[in-house]
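Have a look at the structure below, then the notes.
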Amino acid sequence: MRPRLGIIAATAVLALTGCSGGPSDPQPEKTGGAGAPQSAQRADPEKAADPADIGPADFAAEAKKIVDSFSAAELAGSLIIGTWSGADTQTGVKLLKNNNLGGVIIMADNLPKNPTPDQVKGVTEAISGARSKGQPVSIGVDQEGGPVSRLSTGALPFPPLMALSATQDPELTQTATKVQGQNLTDLGFTIDFAPDADVTTGEKDVAINVRSAGDDHKAVAEVVAQAATGYHLGGVASSAKHFPGHGRLHVDSHESLPVSKKSIEELEDTDLLPFKSAVKAGIPMVMMGHIGLPDAKTTPATLNKKAYQSLRDTLDFDGVIITDALNMKAVDQNQGGGETVRALSAGADLALMPPNSAAAQQAVVKAMKNGDLKKADLQKKAERVVAMQLATAETQKAITEAEDVGGSDSGPAGSKDPQEVLTEVAEQSLTVLKGECAFEGTDSISIVGGGEKEKTALAAAAKTAGLDVGSGGTTVSLSPDTSAEVAVGTAAPWTMRNTSAKSAITAYDSNSNALKAVAKWLKGDLNASGKLPVDYDGSDKAPDCS
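Letter by letter, the sequence shown follows residues 1 to 546 of the UniProt record's numbering.
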């Protein structure tokens, strides 16, 4: 049995990452993950449960009782996370109720433009009461940070995983993801489809890039493990994605099927390490990617029985396996629910975003009747899903109780102010690509190049930092194609590779905290200490400022 969170899993993490840290090096605490043993009774019934000690295994018996009560239609629906189009929340409520879905994922178009947190909560509250039979509703979101931030202004501005990696600070990574998890919990979510466990190849990686922690599998493994722990401590169920690894593939599975040149076995000591570290940290869910394999080049792993079996066997993973979105073009979109039947038959526990959720549920019911899917197998899948949902609900309850009795001190995040944490991430991740680590400082800047939205945001950050912004002073470009004294990158670091500027820096993102850190550096009040998590043609110009 694996250790529970609260026991430092140092040996396991060091073996995965190859790090040679001393006693002060923080290691990810083992969360109450999929394979964690049953919790002991509370020593003090009056004391709030420690969120770190709660896992799906604690709810196996209750989950079985709930699933045993399901009709065929309810069983089929419980294995589907649906989606709907448009900002009419009642459409989502009806979709879930009418098809007995296990949950939904909320996308950007399900919310008003530039939503407030209260508007986001209004949607999740309407959805949360729409499931019966004791199964909590899963309310999921793709809120990785950076370019994949579906909630926009409705949630805290969070950077991509590569920025967390650039801080070279495992404790800060865990703290930041706890803050993000808590924010999502407060907004009513139960699942965040993060962290991204892919190892990127840099500029050829069109789908993942800054969503990855970097190009070194051992370093990525440590960041992913810390993130998995942080999300759990924040109250959301997280999902390592996209097994067996999308970062080396140069085709976007949203558009067509990428094919790996290496088998899962050949990836075991490289790209699979972040997934292994996530499982050892107790992550409750792993997402299967739409990736063809050498012996199944036309079949995505999401529909490939061998891929699911490899995930179970290689990672010793007994938690929930969810497909990547089944409405992506890597999957045939004309199967009338057949894609969901095939995914469940192959080994998935949850089908995410079928092209038509109602058709998918009906197809699963039909497949049970004709024997293409065995009811007993689907019940086992549903038990894993419901146990995860119950554990998430109990974790969120425990966090609330802990706050009510004086603040949550679980894990290194403690009760730190979220804005303080995000500021720390922005400042520690700021990475010099060219020039000196410490900028000499200026009192005024003129911003050239880049889009108007980014220019306006940087100007606002600069004024807050005490800089004059106008037509004179130090020229700062947000584009590699515009000449300036300083170039500022707000995306993947290699996008600034060809800048002619004497000094160049990357913030990995254009959120408000990132741009405030840039402004502080321009004024000379901040030394950039971030370290590039990826090599690319031209990265040798970056000084080591860590």
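Built from N, CA and C at the ideal position, the CB exists for glycine as well.
Apart from sequence neighbours up to five positions away, the residues of its chain that approach L96 with a beta-carbon distance below 8 Å are G82, G103, V104, I127, A130, R131 and V137, ordered along the chain. Here T431 carries a strand assignment [DSSP, helix/strand/coil]. In this model, E222 and L272 are separated by some 12 Å (Cα to Cα). Here the alpha carbon of M287 sits roughly 14 Å from the alpha carbon of K305. From the listed residues M353, A296 and Q419, the smallest Cα separation to T323 is found for M353. For G338, the uninterrupted alpha helix (DSSP H) segment begins and ends at G338 to A346. Between I66 and A398, the CB-CB gap reaches or exceeds 8 Å. Linking P112 to T153 through their CA atoms gives a straight-line distance of about 10 Å. The stretch 235-247 makes contact with the stretch 175-192, as at least three CB pairs between them are under 8 Å.
Only residues of its own chain outside the window of five on either side were considered, and among them M368 have a CB closer than 8 Å to the CB of K374, listed in chain order. Judged by DSSP secondary structure, S477 falls within the beta strand (DSSP E) whose first and last residues are T474 to S477. By the C-beta criterion, the stretch 211-222 is judged not to be in contact with the stretch 282-298, since fewer than 3 inter-stretch pairs fall below 8 Å. Of Y536, K366 and G235, the smallest CA-CA separation from D50 is found for G235. Collapsing the DSSP output to three states places M285 in a strand. Contact between V534 and G214 holds, with the beta-carbon distance rounding to 5 Å and staying under 8 Å. Within the DSSP bridge table, the entry for L352 names I81 as partners.
Residues of the same chain with a CB within less than 7 Å of the CB of G466, apart from the 5 flanking positions on each side, are K523 in chain order. Look at D58 here: in three-state DSSP terms it is helix. Residues T167, D169, L172, S529 and G530 of the same chain have their beta carbon placed closer than 7 Å to that of Q428, with the five preceding and five following residues left out of the count. As a beta-bridge residue in DSSP terms, S238 pairs with D192. Of the residues assessed, P147 falls on the exposed side of the cut-off, its CB having fewer than 16 other CB atoms within 10 angstroms. DSSP, reduced to helix, strand and coil, places A465 outside both helices and strands of the structure shown, so it counts as coil. Between A462 and A504, the C-beta gap is not smaller than 8 Å, which leaves the two residues out of contact. Rounded to whole angstroms, N183 and F158 show a C-alpha spacing of 11 Å. Apart from sequence neighbours up to five positions away, the residues of its chain that approach G145 with a beta-carbon distance below 6 Å are F158, P159 and P160, ordered along the chain. Between P355 and L326, the C-beta spacing is below 8 Å. Excluding residues up to 5 positions away in sequence, A359 lie with their Cβ nearer than 6 Å to the Cβ of G336 in the same chain. In this structure A501 touches S477 by the C-beta definition: roughly 6 Å separates them, less than 8 Å. Take the alpha-carbon of I321 and the one of M388: they are about 11 Å apart.
Sorting K204, I283, V210 and D142 by C-alpha distance to the C-alpha of G230 places I283 at the top. With 16 or more neighbouring CB atoms inside 10 Å of its own CB, K381 falls in the buried class.
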